[in-house]
Ligand code: DX5
Ligand code: ZN
């Protein structure tokens with residue numbers, strides 16, 4: 001089954017508790033953290049994770065769109081994040097950072113921008129639980145997917161297959177009915193669902209939308 005990770009920054013913050021409860025069948029919540037430097041925007045921080053953990057048992061992944069993740073990883077781990085995903089573009093010593101995340105008892109991932117090549121992935125894969133493929137330049141919800149992203153997912157899938165490891169391939173950016181099937185066919189198994197494919201629906205449809213994407217591999221990818 002495919003995992004669905006709602007992008008919580010796209011939820012209605014005036015009614016966040018109702019939003020989170022309506023998203024209860026999701027596989028993980030995706031928390032976007034932006035520092036105004038690595039990306040030209042600001043979004044969520046560790047205190048929202050502490051709050052979410054008080055009312056939901058859905059695991060939390062944290063997408064760290066920041067220049068200096070090493071300085072902040074502990075705060076996100078302490079707040080209750082389950083999977084911590086800094087960007088490969090800013091990690092000076094990726095294996096050290098990923099090992100540090102694991103030493104805190106958390107799963108470790110890397111996020112990779114659309115134009116970043118995959119050359120370092122084979123050298124860090126032993127420390128990875130998740131690779132988050134950005135399918136838009138990070139920083140804003142509601143952008144259009146960039147070209148050749150399914151091809152990139154397929155290349156990552158090949159790299160993973162050469163190991164005997166299970167590594168999730170997450171895709172993030174304009175994931176919707178029109179874009180998800182090809183990405184899943186190429187090897188993606190975690191769909192970050194934001195303004196394009198989930199929060200454009202009314203709240204009473206969230207469970208149905210989540211279920212549809214969780215089963216997208218069985219329904220749409222037979223041939
Ligand atoms: C983009 C963020 C995403 C985004 C995805 O920088 O990391 O999580 O909100 O949702 P869409 O593209 O559907 O609005
Ligand atoms: Zn994200």
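Numbering (this note's numbering), first residue to last: 1 to 223.
Just so it is clear, CB atoms sit at the ideal spot from N, CA and C, and this is done for glycine as well.
Proximity of the beta carbon of residue 192 to the ligand DX5 is indicated: a heavy atom of the ligand is located closer than 6 Å. Beta-bridge partners of residue 37 (DSSP): none assigned. For residue 168 against residue 133, the beta-carbon gap comes to about 11 Å, at or over 8 Å, which does not count as contact. Remark: C-beta atoms of residue 102 and residue 77 do not approach each other more closely than 7 Å.
Residues 39, 40 and 41 of the same chain have their beta carbon placed closer than 6 Å to that of residue 139, with the five preceding and five following residues left out of the count.
Short note on residue 63: C-beta closer than 6 Å to some heavy atom of the ligand ZN. Every alpha helix (DSSP H) of 4 residues or more that sits fully in the stretch 97-135 is shown, in chain order, as 121-124. Rounded to whole angstroms, the gap between the alpha carbons of residue 144 and residue 34 is 19 Å. C-alpha of residue 213 to C-alpha of residue 4: approximately 7 Å in a straight line. Cβ contact annotation for residue 174 (same chain, cutoff 7 Å, sequence separation greater than five): 135, 136, 143, 144, 145 and 196, in chain order. Residue 86: member of the beta strand (DSSP E) spanning 83-86, first to last residue. Shortest gap from the CB of residue 57 to any heavy atom of the ligand DX5: 6 Å or more.
Cβ neighbours of residue 58 within its own chain (closer than 6 Å, five residues either side excluded): 26 and 29. If you check the C-beta of residue 138 against the ligand DX5, you find a heavy atom less than 6 Å away. Within the same chain, 153, 169 and 171 come within 6 Å of residue 188 by CB-CB distance, once the 5 residues on both sides are set aside.
A Cβ-Cβ distance of about 6 Å is found for the pair residue 61 and residue 85, placing them in contact under the 8 Å criterion. Distances between the C-beta of residue 180 and the heavy atoms of the ligand DX5 are all 6 Å or more. Under the three-state reduction of DSSP output, residue 202 falls in the coil class, being neither helix nor strand. Straight across, the Cα-Cα distance linking residue 53 with residue 155 is about 35 Å. Following the DSSP letters along the chain, one finds residue 3 inside the beta strand (DSSP E) bounded by residues 3-6.
Per DSSP, the beta bridge partners of residue 192 are 5 and 172. Residue 55 is classed as exposed because its beta carbon has fewer than 16 other beta carbons within 10 Å across all chains shown. Counting only residues of its own chain and dropping the five nearest sequence neighbours on each side, residue 82 has a CB closer than 6 Å to the CB of 59 and 60.
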